[in-house]
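Participant:
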Amino acid sequence: ILNVEQSPQSLHVQEGDSTNFTCSFPSSNFYALHWYRWETAKSPKALFVMTLNGDEKKKGRISATLNTKEGYSYLYIKGSQPEDSATYLCARLYNFNKFYFGSGTKLNVKP
Amino acid sequence: DAGVIQSPRHEVTEMGQEVTLRCKPISGHDYLFWYRQTMMRGLELLIYFNNNVPIDDSGMPEDRFSAKMPNASFSTLKIQPSEPRDSAVYFCASSLLGGSNQPQHFGDGTRLSIL
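Residue numbers (the numbering used here), protein chains in the order written: chain A, 15 to 125; chain B, 87 to 201.
#1: Name the chain A residues that come within less than 7 Å of LEU131(B), Cβ to Cβ?
#2: So, for PHE151(B): in the same chain, excluding its five sequence neighbours on each side, which residues have a beta-carbon less than 6 Å away from its beta-carbon?
#3: If you follow the beta strand (DSSP E) that ASN157(B) is in, where does it begin and where does it stop?
#4: Quick one, which of LEU183(B), ASN138(B), THR106(B) and CYS178(B) has its alpha-carbon nearest LYS56(A)'s?
#5: Just checking: is the beta-carbon of PRO9(A) within a distance shorter than 8 Å of some beta-carbon in chain B?
#6: Could you check whether ASN111(A) and TYR134(B) sit closer than 8 Å to each other, using their CB atoms as the reference points?
#7: Using a beta-carbon distance below 8 Å, is ASP194(B) in contact with chain A?
#8: Under the assumption that SER180(B) contacts THR65(A) (Cβ atoms under 8 Å), give the Cβ distance between them as a whole number of angstroms.
#9: Got a sec? Which residues, its chain only, sit under 7 Å from GLU19(A) by beta carbon, not counting five neighbours each side?
#10: Got a sec, what are the start and stop residues for the beta strand (DSSP E) GLN20(A) sits in?
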């Protein structure tokens with residue numbers, strides 16, 4: 015069973031705080047991990063595509079790391095802003111095109 | 087550039103009625119995916135197409151669900167007859183080529199309520 019688990023389920027931080035959350039997945043037969051940002055009433059938008067153990071990706075204040083041997087990825091947000099409030103989803107590629115999504119971490123950044 | 091376009095955005099209908107959800111993928115994308123999002127099960131893949139051909143429909147919950155892609159710019163997901171437990175948000179996504187390096191581009195979803 016390809017469980018993709020994300021923690022915490024929700025997170026409340028103050029503007030300016032840095033934060034991170036976790037995506038855990040089975041490490042065997044790894045192909046890729048994707049991170050998506052999902053704002054309420056909108057569609058999920060791709061943040062990062064990660065394929066190699068040790069990958070580190072960065073986009074502005076948001077970065078992600080990948081450890082395929084132990085089966086986890088971290089997403090970091092430095093200096094959170096209210097506009098960062100969203101649900102962050104990770105998805106593990108099972109085979110060529112089938113992704114299993116985690117249930118997401120809902121981030122709320124208070125001004 | 088236009089993204090993935092889904093219609094309708096909201097659909098409310100009575101149990102037993104046929105429901106048709108529509109999707110226009112991004113032009114040039116070879117892969118199209120249908121997902122269902124519920125509180126209990128999160129985002130689940132129902133079916134995906136490559137070059138208009140259904141490749142994997144193992145996620146389709148029952149025979150009441152069917153999906154077609156008659157051409158590269160249009161796909162439908164049909165539920166007949168609909169049941170209250172089909173109430174969910176249905177997303178369509180497309181990707182250029184396939185494989186591990188291709189992010190999926192999602193539409194805004196159709197919120198379906200079956201009374």
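For every residue, glycine included, the Cβ atom is placed at its ideal position computed from N, Cα and C. Here the structure is a predicted model, which is why all the values come from computation and not from measurement.
Facilitator: Here's the rundown:
#1: In the second sequence, the residue the question calls residue 131(B) occupies position 45. Per Cβ cutoff of 7 Å: LYS112 and PHE113.
#2: Locating residue 151(B) in the second sequence gives position 65, counting from the first residue. Correct list, in chain order: ILE165.
#3: Mapped onto the second sequence, residue 157(B) falls at position 71. Per DSSP, ASN157(B) belongs to the beta strand (DSSP E) from 151 to 157.
#4: Working through the first sequence from its first residue, we reach residue 56(A) at position 42. Of LEU183(B), ASN138(B), THR106(B) and CYS178(B), the residue nearest in Cα terms is CYS178(B).
#5: Given a span of 15 to 125 for chain A in the structure shown, any question on residue 9(A) remains unanswerable.
#6: As a position in the second sequence, residue 134(B) is number 48, starting the count at 1. As a position in the first sequence, residue 111(A) is number 97, starting the count at 1. Going by C-beta atoms, TYR134(B) is nearer than 8 Å to ASN111(A).
#7: Within the second sequence, numbered from 1, the residue matching residue 194(B) stands at position 108. Interface residue, yes.
#8: As a working mapping, residue 180(B) is identified with position 94 in the second sequence. As a working mapping, residue 65(A) is identified with position 51 in the first sequence. Not quite, the Cβ-Cβ distance comes to about 20 Å (not below 8 Å), so this is no contact.
#9: Numbered from its first residue, the first sequence carries residue 19(A) at position 5. Excluding positions up to five away in sequence, the list reads SER38 and GLY116.
#10: As a working note, residue 20(A) is residue 6 in the first sequence. That run of the beta strand (DSSP E) goes 19 to 21.
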